[in-house]
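**Student:** Following this message is one structure expressed as structure tokens.
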Amino acid sequence: MGKAEYLAALEEGIGRLRKSKAKKLVVVHHNDADGLSSAAVLAAALSRAGYQVERVPLERVHPPVNERLHDRYAGIPILYVDLGARAAPM
594 MGKAEYLAAL EEGIGRLRKS KAKKLVVVHH NDADGLSSAA VLAAALSRAG
644 YQVERVPLER VHPPVNERLH DRYAGIPILY VDLGARAAPM
């Protein structure tokens with residue numbers, strides 16, 4: 594994915610988030626230093642934008658864990674940060 598496609602995907606995601614009218618969001622992130630840092634930055638920005646943010650640290654992505662997260666937070670947008678997107682189906 595090139596820069597233009599990446600920026601377009603970000604804009605699409607922002608639009609979908611705004612359209613959802615969600616007040617609460619979940620940020621799922623890697624539990625290492627850069628995952629904790631990136632989640633903190635994103636959570637701070639989202640909080641400033643008026644969202645209530647819950648952070649969920651993970652060691653790695655596994656389909657059964659994803660299923661449980663999506664069941665637990667059904668109807669709440671889930672954002673993934675610093676996790677190998679190709680490691681498991683989202």
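Here the numbering used here is used: the first residue of the sequence shown is 594, the next is one more, and so on. All C-beta atoms, glycine included, are put in the ideal place defined by N, C-alpha and C. Quick caveat, the model's predicted, so the values are computed rather than measured.
Going by Cα to Cα distance, which pick from R611, V674 and P670 is closest to K559?
**Tutor:** This structure gives no information on residue 559, because the portion of the chain shown stretches from 594 to 683.
**Student:** With three or more beta-carbon pairs closer than 8 Å as the criterion, would you say the segment 637-657 touches the segment 597-606?
**Tutor:** no
**Student:** Assuming L676 and V654 are in contact, meaning their beta carbons sit under 8 Å apart, how far apart are those beta carbons, in whole angstroms?
**Tutor:** Walking along the sequence shown from the start, residue 676 turns up at place 83. Walking along the sequence shown from the start, residue 654 turns up at place 61. At roughly 5 Å, the Cβ-Cβ gap stays under 8 Å, so L676 and V654 are in contact.
**Student:** Taking buried to mean at least 16 other C-beta atoms within 10 Å of its own C-beta, is V634 buried or exposed?
**Tutor:** Taking the sequence shown and counting its residues from 1, the one referred to as residue 634 is at position 41. Only exposed fits V634, as fewer than 16 other CB atoms lie within 10 angstroms of its CB.
**Student:** Are there 16 or more other CB atoms within 10 angstroms of the CB of G628, so buried, or fewer, so exposed?
**Tutor:** Indexing the sequence shown from 1 puts residue 628 at position 35. The residue in question, G628, is buried, as its Cβ has 16 or more Cβ neighbours within 10 Å.
**Student:** If you count every other CB in all the chains shown that lies within 10 Å of the CB of A597, and 16 or more means buried, which is it?
**Tutor:** Counting from 1 along the sequence shown, the entry for residue 597 is found at position 4. Per the 10 Å Cβ criterion, exposed.
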